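Engineer: Please read through the structure below; I'll follow up with questions.
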Amino acid sequence: MAPTNDDERPNANEKVLHVWSKPIAEGDQVPGLQGSDKNPDGTPRGSKSAFAEAVSMIKKEDFTNVANTPCARQGLLTGIGAGAGLGGLKFVIQGNAAKSANWAVGFFLLGSIASYEYCQYQRRAEKIQMKRHIEVVTQNRKEQARKLAEERREQLRIEEEQKARNKAWYKFW
426 MAPTNDDERP NANEKVLHVW SKPIAEGDQV PGLQGSDKNP DGTPRGSKSA
476 FAEAVSMIKK EDFTNVANTP CARQGLLTGI GAGAGLGGLK FVIQGNAAKS
526 ANWAVGFFLL GSIASYEYCQ YQRRAEKIQM KRHIEVVTQN RKEQARKLAE
576 ERREQLRIEE EQKARNKAWY KFW
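Numbering (the numbering used here), first residue to last: 426 to 598.
Right, here's the structure in full:
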């Protein structure tokens with residue numbers, strides 16, 4: 426779950442949009458690392474390289490769930506189509522299988538990356554648009570509630586005026 430308070434630190438294993446959207450503040454540092462614990466280039470002493478750390482985070486489940494990753498399926502299919510189509514075209518034109526295979530792999534990578542990034546761009550744009558729609562709906566509901574409360578107040582005022590008008594100006598006792 427996402428932290429309920431903005432000051433609360435999120436769990437490192439959380440994959441929540443709220444947590445991802447928060448920028449890293451200057452005061453946010455890895456606990457236990459002080460200035461003296463770092464090499465002159467700024468990396469922590471005695472730690473693995475960034476590449477080794479990145480590789481150590483990869484699990485078998487990451488490869489089995491690639492199809493469940495948003496935009497990955499579309500990117501891979503687009504890359505396969507681009508690689509096969511342009512690699513085959515290169516083979517028909519030149520007749521060299523090795524060069525055609527290289528071109529096919531290159532266009533597979535280029536097509537996959539381009540399609541994946543475009544899909545991610547569309548998702549971000551859709552998310553921003555949905556936030557705007559939610560803000561507009563919320564604002565409209567607040568405005569409707571304000572108008573309704575204003576109408577009720579006006580109706581109560583009119584009723585009180587009618588009661589005051591209908592009240593007799595005399596009293597028997």
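We put the CB at the ideal spot given by N, CA and C, even for glycine.
In this text, all values refer to a predicted model and were calculated from it rather than measured experimentally.
If you count every other CB in all the chains shown that lies within 10 Å of the CB of K515, and 16 or more means buried, which is it?
Structural biologist: Here the question's residue 515 lines up with position 90 in the sequence shown. So K515 counts as buried.
Engineer: Report yes or no: do the region 499-511 and the region 539-548 share at least 3 C-beta pairs separated by less than 8 Å?
Structural biologist: As far as the Cβ criterion goes, the region 499-511 touches the region 539-548, which means the pair count is three or higher.
Engineer: Comparing alpha-carbon positions, which option in I505, S525, E486, Q547 lies nearest P495?
Structural biologist: What you label residue 495 is simply residue 70 of the sequence shown in a count that begins at 1. Minimum Cα distance to P495 is reached at Q547.
Engineer: Compute the beta-carbon to beta-carbon distance between G512 and A529, rounded to the nearest angstrom, for a pair I have assumed lies under 8 Å.
Structural biologist: The residue labelled residue 512 in the question sits at position 87 within the sequence shown. The residue labelled residue 529 in the question sits at position 104 within the sequence shown. Confirmed, about 2 Å.
Engineer: Just reading off the alpha helix (DSSP H) that S537 is part of, what are its end residues?
Structural biologist: Position 112 of the sequence shown, counted from the first residue, corresponds to residue 537. Unbroken alpha helix (DSSP H) run through S537: 522-591.
Engineer: So what does DSSP say about N493, is it helix, strand or coil?
Structural biologist: As a working mapping, residue 493 is identified with position 68 in the sequence shown. In this structure, N493 counts as helix in the three-state DSSP scheme.
Engineer: By Cβ distance, which residues of its chain are closer than 7 Å to E584, with the 5 residues on each side in sequence left out?
Structural biologist: Taking the sequence shown and counting its residues from 1, one reaches residue 584 at position 159. Here the set comprises nothing.
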